[in-house]
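Taking it in order: structure first as structure tokens, then the write-up.
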Amino acid sequence: MKFHIDVEMSPAELRKLMGLPDLEGLQQRMLDELQARMEQGVEGYDPMQLMQPYLKTSLAGMDMMQQLFAASMGAAAAKTQRSGSDR
Numbered sequence: 150m151k152f153h154i155d156v157e158m159s160p161a162e163l164r165k166l167m168g169l170p171d172l173e174g175l176q177q178r179m180l181d182e183l184q185a186r187m188e189q190g191v192e193g194y195d196p197m198q199l200m201q202p203y204l205k206t207s208l209a210g211m212d213m214m215q216q217l218f219a220a221s222m223g224a225a226a227a228k229t230q231r232s233g234s235d236r
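So for the sequence shown, the numbering used here puts the first residue at 150; every next one is plus one.
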């Protein structure tokens, strides 16, 4: 039996329903500070350093996904070969 329920709500309403904090103010302050640093050309503003934490986790996640796909394809190929030899 399947149930399909459509719920129409804003992201703010969903956050409140799930009990998640509203980080919109914090995010806006961070973006404003980043923009101010970029406009001023403050020393220490290095876009690569800013993105480094995200790149590390993204690349690790991509490696893990590739390993998962390789293992899945290897298992599927082995199953296909076993099925072919049973005939």
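Backbone N, C-alpha and C define an ideal beta-carbon position, used for all residues, glycine too.
Owing to the predicted nature of the structure, the values given are computational and were not obtained by experimental measurement.
- Within its own chain, no residue has a Cβ closer than 8 Å to the Cβ of A220 once the five positions on either side in sequence are excluded.
- Looking at the backbone, the Cα of F152 and that of M167 are separated by about 21 Å.
- The C-beta distance from D155 to R164 rounds to 19 Å, too long to meet the 8 Å contact threshold.
- In the three-state DSSP reduction, L169 falls in the coil class, being neither helix nor strand.
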